[in-house]
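> In this note's numbering, the protein residues as written are 37 to 319. Ideal placement from N, C-alpha and C gives every residue a C-beta, glycine not left out. Have a look at this one before I ask anything.
Now the structure itself:
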């Protein structure tokens with residue numbers, strides 16, 4: 037188990053739309069134009085001569101809409117990392133927070149929503165001001181930040197994949213994950229990390245496992261028992277489940293989760309249809 041709260045700073049981060057805007061302005065002979073160099077978090081008037089990209093570089097990025105690019109002072113790179121798996125930030129629309137893709141699988145619901153809206157709904161389901169929160173699976177930190185917006189006292193968030201945290205450092209929309217003193221990032225396997233946590237420590241657990249691990253230990257009775265152990269009496273668990281398998285096999289994952297939660301002593305289990313999750317109470 038290790039902490040990981042370092043923030044990558046001083047980078048320029050753009051997508052193909054921003055590259056196209058800069059390219060078009062350069063081809064028109066303009067000296068400056070209004071651009072966002074942090075994926076839409078802010079906008080400012082930028083001198084085109086001060087950008088680290090020439091016309092040909094801008095053209096290549098403009099013609100590559102599926103990637104996000106960052107300049108770190110030494111060169112320009114795609115926001116993608118290949119390790120045991122392939123991790124990548126992808127654009128979701130002009131001025132919107134990017135999504136995380138792992139091995140071609142989106143880590144965020146995108147139909148009729150976006151990553152920030154989804155994160156806000158998850159936090160709304162289980163968090164209120166003044167609570168001490170445990171989050172399982174940090175990802176890009178959008179749910180962590182949504183919990184901060186709701187006024188939590190503190191939040192411990194656990195992420196196993198270093199590559200995911202590295203992409204979060206690149207992502208301007210994840211900045212508060214690393215800079216806010218109420219956040220403690222723990223890098224490690226949540227199954228093992230939670231065993232080390234003191235009992236009855238947290239008011240709320242926000243359990244947000246990857247969408248493709250429905251048969252993993254993160255859905256096991258043993259892990260649910262550990263989550264109950266670290267919750268204070270009366271505490272709340274929100275468990276994102278999604279709907280894997282439901283379209284083709286009629287499998288009701290949420291029902292199975294609720295059954296297992298009741299087996300380890302959770303009560304008041306209920307579906308949260310707005311975010312395809314389950315809510316439960318620890319007596």
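Can you look up residue 189 in the DSSP assignment and give me helix, strand or coil?
coil
> Give me the Cα-Cα distance between residue 330 and residue 239, rounded to the nearest whole angstrom.
The chain is shown only over 37 to 319; residue 330 falls outside these bounds and no answer can be derived.
> Tell me whether the beta-carbon of residue 181 lies closer than 9 Å to the beta-carbon of residue 155.
Yes, the pair counts as a contact, with Cβ atoms nearer than the cut-off.
> Would you call the CB atoms of residue 102 and residue 127 closer than 9 Å?
yes
> Are the beta-carbon atoms of residue 243 and residue 138 separated by less than 9 Å?
No, Cβ-Cβ distance for residue 243 and residue 138 is not below 9 Å.
> Return the first residue and the last residue of the beta strand (DSSP E) that residue 124 is part of.
122-126
> Write down the C-beta distance between residue 170 and residue 266 rounded to the nearest angstrom, noting that I regard them as a contact closer than 8 Å.
6 Å
> Does DSSP put residue 197 in a helix, in a strand, or in coil?
coil
> If the criterion is Cβ atoms closer than 9 Å, does the pair residue 230 and residue 184 meet it?
no
> Rounded to a whole number of angstroms, what is the C-alpha to C-alpha distance between residue 212 and residue 176?
Residue 212 and residue 176: Cα-Cα distance of roughly 10 Å.
> Whole beta strand (DSSP E) runs in the region 45-72 with 3 or more residues, listed along the chain?
The region 45-72 contains these whole beta strand (DSSP E) runs: 48-51 and 68-71.
> With contact counted as at least three CB pairs below 8 Å, one residue from each stretch, are the region 75-87 and the region 54-63 in contact?
Yes: at least three Cβ pairs fall under 8 Å.
> Please report the distance separating the alpha-carbon of residue 202 from that of residue 228.
Each residue's alpha carbon lies about 22 Å from the other.
> Return the first residue and the last residue of the alpha helix (DSSP H) that residue 295 is part of.
Where residue 295 is concerned, the enclosing alpha helix (DSSP H) stretches over 289-299.
> From what residue to what residue does the beta strand (DSSP E) around residue 317 run?
DSSP places residue 317 inside the beta strand (DSSP E), whose first and last residues are 313-318.
> Would residue 310 pass as a contact of residue 161 if the rule is Cβ separation under 9 Å?
yes
> Give every residue of the same chain whose Cβ lies closer than 8 Å to the Cβ of residue 253, excluding the five residues on either side of it in the sequence, and list them in chain order.
227 and 259
> Using only the alpha-carbon positions, how far apart do residue 302 and residue 317 sit?
5 Å
> Under the rule that 16 or more other beta-carbon atoms within 10 Å means buried, what is residue 104, buried or exposed?
buried
> Leaving aside the five residues before and after residue 237 along the sequence, list all residues of the same chain whose C-beta is less than 6 Å from its C-beta, in chain order.
266
> From residue 125 to residue 153, what distance separates their C-alpha atoms?
A direct Cα-to-Cα measurement between residue 125 and residue 153 gives close to 17 Å.
> Please report the residue range of the alpha helix (DSSP H) in which residue 154 lies.
It spans 151-162 - the alpha helix (DSSP H) in which residue 154 sits, taken as one unbroken run.
> What are the residues that DSSP puts in a beta bridge with residue 82?
69
> Distance check for residue 110 and residue 312, CA to CA, integer angstroms please.
42 Å
> Within this structure, are the beta carbons of residue 274 and residue 189 separated by less than 9 Å?
It is not a contact, given that the beta carbons lie outside the stated cut-off.
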